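Chains as they are written, first to last, in this note's numbering: chain A, 1 to 263; chain B, 1 to 271.
To start, the structure itself, in structure tokens.
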Amino acid sequence: MVKKILSVALCVAVLVFIYAPILLLVVYSFTDANVIGRWEGFSFDLYAQLFRSEEIMRILLNTVVLALVAATLSTVLGTAGAICIFYSKKKIAAPIKGISQVPVINAEIVTAISLALLFSMVALYRTYFSLIVGHMVLCTPFVVLSVMPKLKQMDPNVYEAALDLGASPTTALFKVVIPQIFSGVLSGFMLSITLSLDDYIVTAFTKPKTFDTISTYVYNAVKNGTNSSTPALRALSALIFVVMIAAVLIVNLRARKKKEGAK
Amino acid sequence: MMKLHFSRKQLCIPYALFLLLFVVVPMLMILFYAFTGEKADGSLSFTFANFAEFFTSKAKLSTLLMSFTIAIISTAICLVIAYPLAYVLARSRWKKKYVLLMIFIMPMWINFVLRITALRELLDLIGLLGTENYLNTIIGMVYDFLPFMILPLYTTLEKLDTSYLEAAADLGGNKFTVFTRVTFPLSMPGVISGITMVFMPSMTNYVVSDTLSNFNITILGKLIDEYFTTYDNWHMGSMISIILLVIIFLTLLATGGFKEDKNNARGANLW
């Protein structure tokens, strides 16, 4: 009994710790106060300000487009990379697999400055190119990690069978291999989106000077103490928190249900 | 019409090229910059000066030590909170316990800058912001990285074969002995995975320390950033990165992190 009470108490305490800041922001996004802690009556003013702010809307769009582009490119490249690692001789596969782990283990700041050094040498520093490559370096290894287990689960004979039945290697790849590993490819894509949306450090070191994502914009707002933009950002954060929590719960619970239904 | 044929092995070319250009070459450039310096006439020459300067500068060494301490404390707190929590969740007999897990690791999906800014507002409200910089930074690191400790621990504890625990109990082990001699050693892969995922970011993620200490605390990652963006000394910045890489390498070596199941890497199975 005591054990049970302790367990529940622990769970509740951690939940409060995790969700208190989020809840605070959501609650205070419905009042027009400049600072949190002063309630100025219920209103949707901050949301109105948010959607009227062309600057914030542009940054939101930047962030989403960047994530989509980086995730798409990373998914294609990472899937190719995973297939390559899986089917190549160890002599070729091992170094590719090893180097692929470097951005995963490495500190993000080190990845960021290493790209800054490279791109400044070839005069591509702080361009859209360096930004997208930066995000791809972050995301692609995780696509490889998502796709690899699906390749291992695949029956190796189906590819050979397709070839024996007259399919070209290209056809066999797209009609046989890719459909079998598709769930891994999809989760690699979703993971890439998450990583790209979450990133600050690599973005800060590779982005064009006038380009901002939500992360860099919010960090700079804190840095410069520009409180004038903060109340509307509160509404933005609250909106993102709620949308993300709902999306993650729905996607994961549905995926789980499907898996259990298949059993 | 000519048809483009590519076999599975040719798929190696784009990824290998990508890794070479954007991972290997940039890392070599850090190494190059770390051991070179600019002479008066602007030309580069090989030097150990950056290395020597780092290890003779009191300010830099104290930054390293302080950053190391913050990371150790944050990692320890994460472990102390996450282990019992993961244990409770994994051992729960509730059929839908994965829903519970989801709720605890939810922050992994939400932009960390926004979460840390939200925490900043809370710390401001309770009067800690601006007064307790170190405490706030540690709270922030724990807040940001706790899910990355919970997930690998839960995964190992959930998979743990309970018959070992029953056997140990049958053989006369009391609850404490069963835990220290059987459960904990069997969960080591999760512990190691969690530690490697919390320790390194806690030394380098300067968004957390900047936001919660009002830019008063400089952790090692911030020092690298400053040498690049503020002091414009890329050679020293690269040298500090090399030192950081050595620390990461030694941590992995010490914890056996190289052998860990890589599928645990930063929520590789998040979706």
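Beta carbons: idealized from backbone N, C-alpha and C, even for Gly.
Because the structure is a prediction, the values reported are computed rather than measured.
- Closest option to I243 (chain B), judged by alpha-carbon separation, among B:A86, B:L64, B:L44 and B:L100: B:L64.
- With the criterion set as a beta carbon lying under 7 angstroms from some beta carbon of chain B, the members of the stretch 70-93 of chain A are L77, A80, G81, I83, C84, Y87, S88 and I92, in sequence order.
- Taking 9 angstroms as the CB threshold, C139 (chain A) stays off the interface with chain B.
- A direct Cα-to-Cα measurement between A80 (chain A) and E55 (chain A) gives close to 38 angstroms.
- For F68 (chain B), there are no C-beta contacts with chain A under 8 angstroms, since the nearest C-beta of that chain is about 14 angstroms from it.
- At a cut-off of 9 angstroms between C-beta atoms, R256 (chain A) counts as an interface residue with respect to chain B.
- Nearest to V80 (chain B) by C-alpha distance, out of B:I30, B:A254, B:A34 and B:L146, is B:L146.
- Residue state for F42 (chain A) is assigned as strand, using DSSP reduced to three classes.
- By the neighbour-count definition (other C-beta atoms within 10 Å, threshold 16), E166 (chain B) is an exposed residue.
- Flagged as an interface residue toward chain B: Y200 (chain A), by a C-beta distance shorter than 9 angstroms.
- Runs of the alpha helix (DSSP H) spanning 4 or more residues and lying entirely within the stretch 9-42 of chain B occur at 12-19 and 25-34, in chain order.
- By the C-beta density criterion, R52 (chain A) is exposed, having fewer than 16 other C-beta atoms within 10 angstroms.
- Ranked by Cα distance from L223 (chain B), the options B:Y206, B:K95 and B:L212 are led by B:Y206.
- Within chain B, the residues whose beta carbon sits less than 9 angstroms from that of E108 (chain A) are P201, T204, N205 and G221, listed in sequence order.
- The beta carbon of Y231 (chain B) sits no closer than 9 angstroms to any beta carbon of chain A.
- The C-beta separation of L153 (chain B) from A71 (chain B) comes to about 18 angstroms, leaving the pair out of contact by the 8 angstroms criterion.
- In this structure the stretch 218-233 of chain B touches the stretch 106-120 of chain A; the number of beta carbon pairs closer than 8 angstroms is three or more.
- Neighbours of I56 (chain A) in chain B, taken as residues at a C-beta separation under 8 angstroms, are lacking, since the least C-beta distance is about 13 angstroms.
- L191 (chain A) has its alpha-carbon roughly 22 angstroms from the corresponding atom of S202 (chain B).
- Interface with chain A (9 angstroms Cβ-Cβ cutoff): Y15 (chain B) is included.
- Judged by DSSP secondary structure, S45 (chain B) falls within the beta strand (DSSP E) whose first and last residues are L44 to F46.
- Around the beta carbon of Y231 (chain B), a 10 Å sphere encloses fewer than 16 other beta carbons of the protein chains shown; the residue is thus reported as exposed.
- Assignment of T210 (chain A) by DSSP, reduced to helix, strand and coil, places it in the coil class.
- Across the structure, Y47 (chain A) and G166 (chain A) are spaced so that their CA atoms are roughly 60 angstroms apart.
- At a cut-off of 9 angstroms between C-beta atoms, L68 (chain A) does not count as an interface residue with respect to chain B.
- Per the coordinates, the alpha-carbon of G172 (chain B) lies some 24 angstroms from the alpha-carbon of K4 (chain A).
- Scanning chain B for C-beta atoms nearer than 9 angstroms to the C-beta of L60 (chain A) yields nothing, as the closest lies near 12 angstroms away.
- About 11 angstroms separates the CB atoms of T206 (chain A) and L66 (chain A); that is not less than 8 angstroms, and the two are not in contact.
- Under the rule that a run must span 4 or more residues, the alpha helix (DSSP H) segments found entirely inside the stretch 188-253 of chain A read 201-206 and 214-223.
- Scanning chain B for C-beta atoms nearer than 7 angstroms to the C-beta of N252 (chain A) yields M102, reported in chain order.
- For a cut-off of 8 angstroms, the C-beta gap from S29 (chain A) to A238 (chain A) is around 4 angstroms, short enough to register as a contact.
- Between S74 (chain B) and F199 (chain B), the alpha-carbon positions lie close to 8 angstroms from each other.
- With contacts defined by Cβ atoms closer than 9 angstroms, M244 (chain A) and I240 (chain B) do not form a contacting pair.
- Per DSSP, reduced to three states, the secondary structure at T79 (chain A) is helical.
- Listed along the chain, the chain B residues whose CB falls inside 7 angstroms of the CB of F44 (chain A) amount to none; the nearest CB is some 20 angstroms away.
- For N50 (chain B), the enclosing alpha helix (DSSP H) covers residues A49 to T56.
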